[in-house]
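In the numbering used here, the protein residues as written are 1416 to 1528. Report on one structure; see the data block that follows.
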Amino acid sequence: MKRFSAWNVIKNGFKKKPDWDKQWDDAKPKSQYDIIIIGGGIHGLATAYYLAKNHNISNIAVIEKGWIGSGNAGRNTTIVRSNYFQKGNREFYEHSLRLWENLSHELNYNIMF
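Written as C-alpha cells, this is what we have:
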C-alpha cells in the first residue's frame, strides 16, 4: 500500500493478507542516534518531523513512556490561534498556523485541522 487513504484502508482491511507496507524497518533500538527526543507528544513528534524534513536528519529516536500521542495533545483539543496581544507572540502563532495548514497533505494523514 503506497498511501494511506480511506479506500486503501477499507480494501486492505478485508484481505486475509493485506499488502500493508512496513512503516518502520525494525522496532529494536539502534546502538546510536544523531538525535534523541524525549516525549512523543505534539512537540516531540513535530521536532522529529521538521528535523527530518528541513535538515535531512533521519537517524532520530523518539522515546515515549506511553504510546505516541497519548499526552495532552491526544486527550485535549489543541488550539492554535493568532489572536494574541503581544507582537512577537502574534507573529509566532501566525507562523504556526501556516505550518499546520498543509500538514495533512504533507503527511498523507488527517490531522483534523
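Glycine included, C-beta positions come from ideal geometry on N, C-alpha and C.
Neighbour-count burial assignment, residue i, 16 or more Cβ in a 10 Å radius
i     : result
G1459 : buried
A1421 : exposed
A1442 : exposed
M1416 : Here M1416 scores only 46 on pLDDT, less than 50, and its place in the model should not be relied on; the value that follows carries that caveat. Its Cβ having fewer than 16 others within 10 Å, M1416 is exposed.
Where residue i falls: helix, strand or coil (DSSP)
i     : result
A1476 : strand
I1425 : helix
I1483 : coil
I1451 : strand
M1416 : Low confidence applies to M1416: its pLDDT is 46, below 50, so where it sits in the model is not reliable, and the reading given next is rough at best. Coil at M1416, not helix or strand.
F1500 : coil
Y1508 : helix
A1463 : helix
K1443 : coil
Option in the options with minimal Cα separation from residue i
i     : options                : result
T1479 : A1442, G1456 and R1505 : Thr is not the amino acid found at residue 1479; the sequence shown has Glu there. Out of A1442, G1456 and R1505, G1456 has the C-alpha closest to the C-alpha of E1479.
D1449 : N1423, V1477 and K1426 : V1477
N1474 : G1484, Y1465 and E1521 : Y1465
Contact with chain D by residue i, beta-carbon distance below 8 Å
i     : result
F1507 : The structure shown contains no chain D, having only a single protein chain.
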